Amino acid sequence: MTETRTLASYEEIAGKIAISQLEQLSKNLKGAKVVHVNSTREGGGVAEILNWMVPLMNELGLDTSWEVVEGNEGFFDVTKAFHNGMQGSPVKLTDEMIKCYEDTLKSNFIRLQKKLEKADFVFIHDPQPAAFLDMCPNRKGKWVWRCHIDSSNPSRDVWKYIKSKVENYDASIFSMPNFAQPLPHPQFVIAPSIDPLSEKNCDLSSGEISETLSKYNIPDKFPILTQVSRFDKFKDPLGVIDAFNELIKTIPAELVLAGGGATDDPEGKVVLEDVYKAAKDNEHIHVLMLPSDSHKTINALQRASTIVIQKSIQEGFGLTVTEALLKEKPVIGGNVGGIRLQLHNHYTGFLVETPEGAALRIRELLHDEEKLNRMGKIAKQFVIENFLLTRHLREYLTLLVGLKCELTNYVLTESSNC
Ligand code: UDP
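Numbering (my numbering), first residue to last: 612 to 1029.
Right under this line is the structure:
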């Protein structure tokens, strides 16, 4: 369900200037038809972002909608293979896979054709809907491919295909400079962000936090360590269990592995089974399979934690890291992708390579409460300065203004209002 808040409500945390910048930028975009397309309304960071971004773009006067690609299991198996391949797994695409992908996308295109043709701006998120552009020769607007994943070292086969689908876009956006690939159009680096007022991140009372712990039978006698993630091999939940087993040789603690599935992620079940197997003999490991609307529960679990873990082995950005930092929790995270943008050793958390490394850093922080609290305070400020939705939206609007100017062959002059 989309939560709606007004732009003005962000003034307190983001500052007056941030809000007025958005108002200024959007003056040139009033009435523009913007369509975002991705492949799931729930589960995962992209859905999380679109949930706040679409209402705020509408409030700013852009006529913004969010469409989702629909498909069967076969289709999502193929798009998951794209996802894995883009993140560097060796994937071989077959003609049959490509036919399944393109046929499904064609039927989705028929449903969305009018809207996509008329749109002034289309944001296509990730590889799943990428082939829409080829199907839309009568497009009127500018199309942007927004790649959220770590595409720094993609499988050759997958990138060759995805590249053929995205090279004709007007621009692309990546979360980090090293994710960008050679493409014949302008590329932009825009980091993702979180909504500090959403159910996932808003303040909670201590009563709400302890209610959540009781509901899931998580004792709070020992430090609580939490990883929130889809059950995906790239999130390395088994590595987290290994780190925990190493840690509790010397320090008692509770581990919470909280996650759910995303409707576009068919591999989750297998990973979850492996996690249950690895956790079954340890009553201090709490594996929670949560429904997709468990935002408040996740908020409470992050707040109840002493330290948050995100031991990914590949990561586009890692909104779960940002969410934890905002809640003053140092994070122990995998030394990959966008986690590197967020964790600075000894300041906001620690980057680690192995379960042993994770255990070592957790132990270090648990032995030094003063440092843990200090890092938590720095972490919150770091997110406020860098990873709030207002900065993200400002960068998107700036890009749209730039694309619009190009669209109308606008010449930038001092008198231009562009
Ligand atoms: N999330 C959630 N429920 C879950 C697992 C994750 O709501 O069971 C949320 C999580 O809080 C975060 C987003 O989904 O906001 C995951 O984004 P991230 O960038 O960490 O990873 P992604 O899933 O996009 O790879």
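Built from N, CA and C at the ideal position, the CB exists for glycine as well.
All values reported here derive from a predicted model rather than from experimental measurement.
Exposed or buried, what is residue i when buried is set at 16 or more other beta-carbons lying within 10 Å of its beta-carbon?
i, result
"Tyr621", "buried"
"Arg767", "exposed"
"His897", "buried"
"Lys627", "exposed"
"Gly642", "exposed"
"Ile660", "buried"
"Asn695", "buried"
"Asp892", "exposed"
"Glu980", "exposed"
"Ser631", "exposed"
"Asn719", "buried"
"Gln698", "buried"
Please go through the same chain and pick out, in chain order, the residues whose beta-carbon is closer than 7 Å to the beta-carbon of residue i, but skip the five residues on each side of it.
i, result
"His763", "For the sequence presented, residue 763 should be read as Ser rather than His. Excluding residues within five positions, the ones whose Cβ falls inside 7 Å are Asn789 and Phe790."
"Pro877", "Glu684, Phe687, Asp688 and Lys691"
"Pro701", "Ser766"
"Lys846", "Ser840 and Ser923"
"His955", "none"
"Leu976", "Ile918, Pro941, Lys982 and Leu983"
Output needed for residue i: all residues of its chain with C-beta closer than 6 Å, excluding positions within five of it in sequence on either side, in chain order.
i, result
"Asn1028", "Bear in mind that a pLDDT of 46 at Asn1028, under 50, signals an unreliable position, so the model cannot answer this."
"Asp806", "Trp663 and Leu1000"
"Gln798", "Ser783 and Ala791"
"His759", "Val657, Asp737 and Gly927"
"Gly870", "Ser840, Arg841 and Phe842"
"Ala1039", "The question about residue 1039 has no answer, for the chain in this structure spans 612 to 1029."
"His895", "Glu865"
"Leu883", "Phe842"
Looking only at its own chain, which residues have a Cβ that is under 8 Å from the Cβ of residue i, when we skip the five neighbours before and after it?
i, result
"Thr959", "Leu936, Pro941, Val942, Gln953, Met986, Ile989, Ala990 and Phe993"
"Lys751", "Glu728, Lys729, Ala730 and Asp731"
"Val645", "Met668, Leu673, Asp674, Thr675, Ser676, Ala730, Asp731, Phe732, Val733, Phe734 and Leu1011"
**OP:** Kindly provide the ranges of any beta strand (DSSP E) runs that are 3 or more residues long and lie completely inside the segment 798-853, ordered along the chain.
**Re:** 798-800 and 835-839
Subject >> At least three beta-carbon pairs within less than 8 Å, the segment 809-824 to the segment 782-791 >> reply: no
Original post:
At which residue ranges does the segment 638-698 contain complete alpha helix (DSSP H) runs of 4 or more residues, listed in the order of the chain?
Top reply: 656-670 and 684-697
**OP:** Can you check the segment 915-957 for any beta strand (DSSP E) of at least 3 residues that lies completely inside it and give the ranges in chain order?
**Re:** 918-921 and 942-945
Original post:
Can we say the segment 726-746 touches the segment 640-654, given the rule of at least three CB pairs closer than 8 Å?
Top reply: yes
Original post:
For the 8 Å Cβ check, are there 3 or more pairs between the segment 821-836 and the segment 899-914?
Top reply: Because the criterion of three Cβ pairs below 8 Å is met, the segment 821-836 and the segment 899-914 touch.
Original post:
When the Cβ atoms of the segment 672-680 are set against those of the segment 718-734, are three or more pairs found closer than 8 Å?
Top reply: yes
Subject >> Segments assigned beta strand (DSSP E), at least 3 residues, entirely inside the segment 718-763 >> reply: 732-736 and 753-757
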